[in-house]
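To start, the structure under review is shown below, and the notes come after it.
Chains as they are written, first to last, in our numbering: chain A, 2 to 536; chain B, 100 to 363.
Rendered as structure tokens:
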């Protein structure tokens, strides 16, 4: 390569690098923005749940307070009537005592009169028993004695009535009404205070929800902006790569192969279809971390080792014009990277395209170097891992007849194709997502990247129960301690989606051979967490 | 003795391979420790959350228990009040029966007395007339009928006072009974509202009892949740300890191997 070409190459590499950095920056910004949206939506859902709970609590406290107020009003009225009754009773007792005394005095006076008549009768009896006076005195004596007898009886009756009236414990009743009223007032104060607290909590929850909604809306707006900027950056990178780097692209990366595509090198002047500029094209797999130092010299050295070194792949079908594309079956080829290392899963790679100019072209320019492209897009090689499937609606564990059992235990059932032998087993994480009623999917962002970030406290690992017809069957238990993806405890009667994340154990350097996968929503994925009534 | 190729630091290739393998194991163990540490951290946070929930549940349980106790005291007080109010009203009814009989009896006595007094006055006039016709009629008799006349007047006057007083007391007793009846009716309503009200809205006591039962149940749920989370944390902590021990042992092994390789 002559100095001009070298300078051009350096410019291309630097342009692509800056575009790629920009792209990566936007990608990480988008991923961060997506997480921000996720957490903001989580905050909205959490505060909504909090508000609902606070509202329910406040409604209950309202009901209790209403009843306490009604009871207290009645108790106050009752106290008034007990006070009046006591006043009346006190007067009644006095009046009855006076009455009894008056009747006693009257009875005494009648007795005294009867005594007078008795004396008159005795005198007349002694004088003349046949006189008219004697006869009428005898008659009067009979009547007055009878009257005196009745008066004595009435006096006894009056005493009894007075006694009975005095026995009525109206003052004790009033005291009891007072103490009842005191207890009632006290309880009302407590109920009213609890109501106030509950109302404040509900008001606070409303403010929290408002704040969470504002943050959520801002996060959503921010994500939109970044998504637009990312699209633009992708377009810019694509254009730069197309114009300056042969549109070199790696796509369809799989467990054992990937596809490389590029535009062949063209002559800067009138294209001559019969005389291509380059005679051969090779691609070299380079670790992403090494791409900055990978040079034409290294590439040429690798080319000199030949294909037997398995560090290089020759592109077999090249048309002089149009895009070339080749599936590179690196597994079959036992291809190694530029360092001579085996291809590692989870490792980030790029490819370089080495164009070997035709001898004629080289001679014409008197430059015998070949041409090395700038690095392609970065890619990672993984295989699509098995995906778990929910096989039945989560069912409550039957606890009939077991009174010691409190709360509810549910069992989640799912299956997954048996992973290939010889690999580490993946972990199956059951994640419960709060479901808005009537919706067939979660109303917040939740993708693989987010699922991978759900903390250990908020998922339940499935346990294998059996293997059948190439499938492993798993169960996971949900209990009182289970929390949703946001870390909120499950709410009785609320609906949830169940997702299973199949996650492969990684190491410090590499991710696993298989990609992590999230189960699809199916008919069994949504269930209602019914909580048993305690009574 | 075959000479093995040396690299720049003078370590044989075979030893280097061993060292590399050991290094990879250390890295894997470190990854395992980090992973377990993240799980322990997450579960520690969860335990703290559930401890918070349990503490709130306990507060609520205590508060609702206190309310339930107060409601029970109130209910007992209202029950006692209702009982005593019923007794007072029944006694007042009985006393009023007495008063009623009394007023009847007093009226009868008054009627009889007035009739008798009229005959006594007639007798007195007859005696006085007889004395005018016949001086042999004893002076004592004349004097006695005079006394009787005056006593009759007195007795009628006193009996009328008694009659008036008995009717006044009777009337007041009826008012008192009405006041007690109103009081009793209000106690019954209060009793229904606070203690029990068949077929009506839930009483205050039942509400507060239910609040306590709910709170107690919630407390049990939170206690179970905390226990389960603590168990999860203990298990995770045990795995972390194991991973840490493995890492330490591998690190020691690697250090020793490095030292040996450099010495050899």
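Even for Gly, the Cβ is constructed at its ideal location relative to N, Cα and C.
Small disclaimer: the values here were computed from a predicted structure and weren't measured.
Residue interval of the alpha helix (DSSP H) (run including residue i)
| i | result |
| --- | --- |
| residue 316/A | Residue 316/A -> no alpha helix (DSSP H), and no H or E assigned at all. |
| residue 112/A | 4–128 |
| residue 276/B | 238–293 |
| residue 305/B | 303–362 |
| residue 166/B | 112–232 |
| residue 438/A | Neither: residue 438/A is in no alpha helix (DSSP H) and is coded neither H nor E. |
| residue 146/A | 133–168 |
| residue 333/A | 331–334 |
| residue 426/A | Here residue 426/A belongs to no alpha helix (DSSP H), and DSSP marks it neither H nor E. |
| residue 302/A | 297–306 |
CB contact below 7 Å: residue i versus chain B
| i | result |
| --- | --- |
| residue 404/A | Summary for residue 404/A: the model assigns pLDDT 42, below 50, so the residue's position carries little reliability; its value from the coordinates is reported in the next sentence. So, not an interface residue. |
| residue 480/A | yes |
| residue 312/A | no |
| residue 464/A | no |
| residue 89/A | yes |
| residue 529/A | no |
| residue 85/A | yes |
Cβ of residue i within 7 Å of any chain A Cβ
| i | result |
| --- | --- |
| residue 272/B | yes |
| residue 172/B | yes |
| residue 138/B | yes |
| residue 350/B | no |
| residue 294/B | no |
| residue 107/B | Per-residue confidence for residue 107/B stands at a pLDDT of 46, beneath the threshold of 50, marking its modelled position as unreliable; no derived number is given. |
| residue 345/B | no |
| residue 285/B | yes |
| residue 104/B | The predicted position of residue 104/B is uncertain, since its pLDDT is 45 and thus under 50; a value taken from the coordinates is nonetheless stated next. With 7 Å as the cut-off, residue 104/B does not count as an interface residue toward chain A. |
| residue 101/B | With a pLDDT of 41 at residue 101/B, under the threshold of 50, the predicted position of this residue should be treated as unreliable, and no value is reported. |
| residue 339/B | no |
| residue 154/B | no |
Selection from the options that minimises the alpha carbon distance to residue i
| i | options | result |
| --- | --- | --- |
| residue 201/B | 155/A, 498/A, 288/A | 155/A |
| residue 29/A | 501/A, 505/A, 228/A | 228/A |
| residue 442/A | 391/A, 364/A, 94/A, 522/A | 522/A |
| residue 250/A | 51/A, 115/A, 326/A | 326/A |
| residue 278/B | 469/A, 236/A, 81/A | 81/A |
| residue 68/A | 312/B, 335/B, 295/B, 357/B | 295/B |
| residue 354/A | 172/A, 386/A, 242/A | 242/A |
| residue 314/A | 284/A, 300/A, 342/A | 284/A |
| residue 464/A | 470/A, 430/A, 458/A, 151/A | 430/A |
| residue 1/A | 221/B, 111/B, 199/B | Nothing can be reported for residue 1/A: it is not among the residues displayed for chain A, which extend from 2 to 536. |
| residue 244/B | 123/A, 164/A, 340/A | 123/A |
| residue 266/B | 346/B, 197/B, 153/B | 197/B |
| residue 347/A | 358/A, 25/A, 205/A, 380/A | 380/A |
| residue 296/A | 259/A, 117/A, 339/A, 263/A | 339/A |
| residue 340/B | 115/B, 137/B, 116/B | 137/B |
| residue 344/A | 113/A, 357/A, 255/A | 255/A |
| residue 175/B | 149/B, 286/B, 344/B | 286/B |
| residue 207/B | 273/B, 262/B, 228/B | 262/B |
Where the beta strand (DSSP E) through residue i begins and ends
| i | result |
| --- | --- |
| residue 412/A | 411–418 |
| residue 476/A | 472–479 |
| residue 198/A | Unbroken run through residue 198/A is the alpha helix (DSSP H), 171–245; no beta strand (DSSP E). |
| residue 529/A | 527–529 |
| residue 466/A | 464–469 |
| residue 260/A | 259–263 |
| residue 250/A | 250–252 |
Paired residues, beta bridge with residue i - DSSP
| i | result |
| --- | --- |
| residue 369/A | In DSSP, residue 369/A forms no bridge with anything. |
| residue 381/A | 349/A |
| residue 393/A | 414/A |
| residue 279/A | 358/A |
| residue 499/A | 433/A |
| residue 327/A | 261/A |
| residue 490/A | 484/A |
Contact belief for residue i with residue j at Cβ below 8 Å, rounded distance in angstroms
| i | j | result |
| --- | --- | --- |
| residue 449/A | residue 519/A | 5 Å |
| residue 121/B | residue 356/B | 6 Å |
| residue 473/A | residue 419/A | 5 Å |
| residue 353/B | residue 125/B | 5 Å |
| residue 332/A | residue 257/A | 3 Å |
| residue 289/B | residue 72/A | 7 Å |
| residue 327/B | residue 482/A | 4 Å |
| residue 114/A | residue 251/B | 6 Å |
Any non-hydrogen atom of the ligand ATP closer than 6 Å to residue i Cβ
| i | result |
| --- | --- |
| residue 331/B | This structure lacks the ligand ATP, and indeed carries no ligand of any kind. |
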